[in-house]
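K.L.:
Following my numbering from start to finish, the sequence shown increments by one per residue and tops out at 1407.
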Amino acid sequence: MVELLELCGFEAQELDSELPRIKKAFDKLGINAEDIERGKQRLNKYYDIELTGFRKVLRLIIKELVNALLVREESDKKVIYGFMFPGIDMLGSALVSNSRDVFVIHHSWAFHIVVGCIFGKIESILEEAEGKWLKEGLVAHCANVKTIVGPIAMGLFPKPDLLITAGYLCETSPKTLDILHELYDIPVWFVDTCQDRSFSEYPEPSARIAELTVKSLRRLIDRISEITGFEITDEMVREVQNAKRKLDIPFRRLRDLVQNSDPLLISPTHDNIWMCFNSLTLGIDGIDEAVEAITILSEELQEKAARGEGVVEKGAPRVMALLPAGQTDPRLEHLACEVGIAIAASDLNMLVPFKSTSDDPFMGYALGLQQSSLGLLPSARIPMIIEGCKRLKINGVLDRYHVGCRVVAGDALLIEDAIRKELGIPVLLLEWENFDPRAYNHEVFRNRLDVFKSMMTTA
949 MVELLELCGF
959 EAQELDSELP
969 RIKKAFDKLG
979 INAEDIERGK
989 QRLNKYYDIE
999 LTGFRKVLRL
1009 IIKELVNALL
1019 VREESDKKVI
1029 YGFMFPGIDM
1039 LGSALVSNSR
1049 DVFVIHHSWA
1059 FHIVVGCIFG
1069 KIESILEEAE
1079 GKWLKEGLVA
1089 HCANVKTIVG
1099 PIAMGLFPKP
1109 DLLITAGYLC
1119 ETSPKTLDIL
1129 HELYDIPVWF
1139 VDTCQDRSFS
1149 EYPEPSARIA
1159 ELTVKSLRRL
1169 IDRISEITGF
1179 EITDEMVREV
1189 QNAKRKLDIP
1199 FRRLRDLVQN
1209 SDPLLISPTH
1219 DNIWMCFNSL
1229 TLGIDGIDEA
1239 VEAITILSEE
1249 LQEKAARGEG
1259 VVEKGAPRVM
1269 ALLPAGQTDP
1279 RLEHLACEVG
1289 IAIAASDLNM
1299 LVPFKSTSDD
1309 PFMGYALGLQ
1319 QSSLGLLPSA
1329 RIPMIIEGCK
1339 RLKINGVLDR
1349 YHVGCRVVAG
1359 DALLIEDAIR
1369 KELGIPVLLL
1379 EWENFDPRAY
1389 NHEVFRNRLD
1399 VFKSMMTTA
């Protein structure tokens, strides 16, 4: 276990005190010696583990999961979970930075990385949820909601004092949490959001929708105060936002390096790690550690670029991938590199610019939610994707869509048609489930990626 943890950025002095806690948490997950060996193999196979900055990233992710698994055993803190709620990192960081009596976690992220990507053991969690009420299969319930039902049903995560979600993206999440409330008597809270926008409102975000989100967030703060006895102030939120802006700078540098690199500097297996890392509910000190980790990583990648190193051959076809990378399984993204495809960009990193003149710290957040790729109507999302393809000199688009998600599945054919007409580049329309490793079919995906590469190199 020590060797695996050293691969994940833990140093000997820290392990002297933390190893018993980590072992206890891993025992709770059923991680045995065989799993540890598999974890080391997967880390070395799928990730650029030699990069110091990346090891530091993994360390913070593992620490968050360990703390979540042991919080009830080690303290009498009030426990709050967020699930499919983008604002939980902001509110959670404000809480844990200013109160020693509250623990907050964005439930799924660290769990996905450690249990799924590192150890490859998330299938039993999904099966537990399917044994309750969530249907199995590619076109049944999204496996993401299974990763909250399974751990709670198995007693891996303690029963929280409050479980929060939002309808910003996923309508299944509020329904799932409602059933968790009925079955396990877990208090839940739903942040009101609205997905209905008129194309005439673009490129500016809707003030009407933003105001609804802000009001709902403030009602949530009142509810958190009732449960914890602690009030989140605007100044606390501003402090977190200022700290997170410091993290945005090295992250932006990292993305720019990767998007413009040839050969591709780092495998796209890391894409879901960045998404997870940016959503951890770190305190101010933890955010400072995160800034250090990403700063070191971006410097290491700059050095790799200067040496001409990469994970695919120079001149490999450059691809933009739509929607998140596999969040519990890195095999598809790793396969793309094996085939010789450089997944250099993602639409998730794109944002329609906007300005906020409000003094309310929640208003900028609420406006920004509407301007990201997943918050846009196809009529606004498609032009943004096309512009990104032109700017980054993309040779093809991996138009993957989560078939179990009604919100995003409908865009896929529209995007494919528009890109082919506007840019004339190949589009691989790929039906997949980025939370369920059982959906991965190596032979099928290999054949499709081979054909996709051939189309790009002969276009």
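C-beta: ideal position from N, C-alpha, C; glycine also. Fair warning: this is a prediction, and the values are worked out from it, not measured in the lab.
1) Are at least three pairs of beta-carbons, each pair with one atom in the stretch 1066 to 1077 and one in the stretch 1368 to 1388, less than 8 Å apart?
2) Runs of 4 residues minimum, wholly inside the stretch 1261 to 1342: which ones carry the alpha helix (DSSP H) assignment?
3) In terms of residues, what are the limits of the beta strand (DSSP E) holding Lys-1026?
4) Below 8 Å on the Cβ atoms is my guess for Val-1375 versus Gly-1336; work out the distance and round it to an integer in Å.
5) Roughly how far, in whole angstroms, is the beta-carbon of Ser-965 from the beta-carbon of Gly-1231, given that I think they are within contact range, below 8 Å?
6) Using the three-state DSSP reduction, which class does Ile-1053 fall into: helix, strand or coil?
7) Rounded to the nearest angstrom, how far is the Cβ of Ile-1036 from that of His-1060, given a contact under 8 Å?
8) Output the distance between the C-alpha atoms of His-1129 and His-1390, rounded to the nearest integer angstrom.
9) Can you tell me whether Ile-1291 is buried or exposed, with buried defined as 16 or more other CB within 10 angstroms of its CB?
10) Report the three-state DSSP secondary structure of Asp-1421 (helix, strand or coil).
11) Using the Cβ count rule (16 or more neighbours within 10 Å means buried), how would you classify Lys-1252?
12) Could you check whether the stretch 1156 to 1165 touches the stretch 1136 to 1144, counting it as contact only if at least three pairs of C-beta atoms, one from each stretch, sit closer than 8 Å?
13) Considering just the uninterrupted stretch of the beta strand (DSSP E) at Ile-1112, what are its terminal residues?
14) Quick one: is Ser-1148 buried, meaning 16 or more other Cβ sit within 10 Å of its Cβ, or exposed?
15) Within the same chain, show all residues whose beta-carbon is closer than 6 Å to that of Trp-1057, passing over the 5 residues directly before and after it, in chain order.
16) Are the beta-carbon atoms belonging to Gly-1288 and Leu-1008 less than 8 Å from one another?
17) Starting from the Cα of Glu-1248, find the closest Cα among Lys-1262, Leu-1205, Asp-1236 and give me that residue.
18) Identify, in the order they occur along the chain, each residue of the same chain with its Cβ nearer than 6 Å to the Cβ of Phe-1310, setting aside the five sequence neighbours on each side.
19) Within the continuous alpha helix (DSSP H) that includes Asp-1196, where are the two ends?
P.N.:
Quick look at the numbers:
1) yes
2) 1279 to 1287, 1309 to 1319, 1326 to 1339
3) The continuous beta strand (DSSP E) containing Lys-1026 extends over residues 1026 to 1030.
4) Contact flag wrong, Cβ pair sits at about 14 Å.
5) At roughly 19 Å, the Cβ-Cβ gap does not stay under 8 Å, so Ser-965 and Gly-1231 are not in contact.
6) strand
7) Actually they do not touch by this definition, with Cβ atoms about 15 Å apart.
8) 38 Å
9) buried
10) Outside the shown range of the chain (949 to 1407) lies residue 1421, about which nothing can therefore be said.
11) buried
12) yes
13) Start and end: 1110 to 1114.
14) exposed
15) Cys-1224, Ser-1227
16) no
17) For Glu-1248, the nearest C-alpha among the options comes from Leu-1205.
18) Val-1162, Leu-1165
19) 1182 to 1207
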